[in-house]
Ligand code: GDP
Ligand code: MG
């Protein structure tokens with residue numbers, strides 16, 4: 033069976049948009065309203081001749097314990113069940129308390145963790161990307177899931193990690 037990459041992060045950072053970008057087609061449901069339940073969250077993806085399964089965690093039900101605990105729990109589950117984890121943050125906002133909570137969980141991961149700095153729609157946001165090193169998850173890969181900017185570098189890193 034092919035390796036599994038779980039995509040985690042707080043709502044609205046662009047996880048589903050990035051999943052669609054990686055798939056090269058529209059399958060993951062992009063929603064401005066967080067917590068929308070979807071039937072299908074696993075997709076077959078391919079890059080540089082390597083096949084892998086992409087899991088968009090955005091469709092998982094938020095728990096009653098609140099957003100931060102819920103997103104951290106998703107990261108914990110992803111860390112235990114996937115072969116690698118892709119954390120998505122919104123570089124135009126910067127690291128939030130929820131992003132920090134997710135990072136805290138994933139810094140303990142024995143599996144590879146990659147950090148996507150999404151919504152870098154233009155060069156001016158590159159300085160905000162550098163600040164994301166503070167999450168302690170290694171190099172932040174700048175991407176614009178919406179416009180397709182730089183996603184090749186991220187995908188190279190993903191298939192090298194899997
Ligand atoms: P998710 O909740 O993390 O899955 O986020 P979605 O993929 O549903 O996206 C949430 C919102 O962010 C949508 O309005 C997207 O169009 C928008 N979005 C996603 N990626 C980008 C990006 O690279 N740049 C900008 N400007 N907006 C984006
Ligand atoms: Mg989503």
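Numbering (full-length UniProt numbering), first residue to last: 33 to 194.
Note that the Cβ used here is the ideal one computed from N, Cα and C, for glycine as well.
According to DSSP, which residues form a beta bridge with residue 150? 122
Buried versus exposed, by CB contacts within 10 Å (16 or more), residue 42: buried
Beta-carbon proximity check, residue 190 vs residue 109, cutoff 8 Å: no
Taking residue 83 as part of the beta strand (DSSP E), name the residues at either end of that continuous run. 82-88
In this structure, how does DSSP classify residue 196 when only helix, strand and coil are distinguished? Residue 196 lies beyond the stretch modelled for the chain, which goes from 33 to 194, so this question has no answer here.
Paired residues, beta bridge with residue 37 - DSSP: 86, 116
Sort out for me which residues DSSP pairs residue 137 with in a bridge. According to DSSP, residue 137 bridges with nothing at all.
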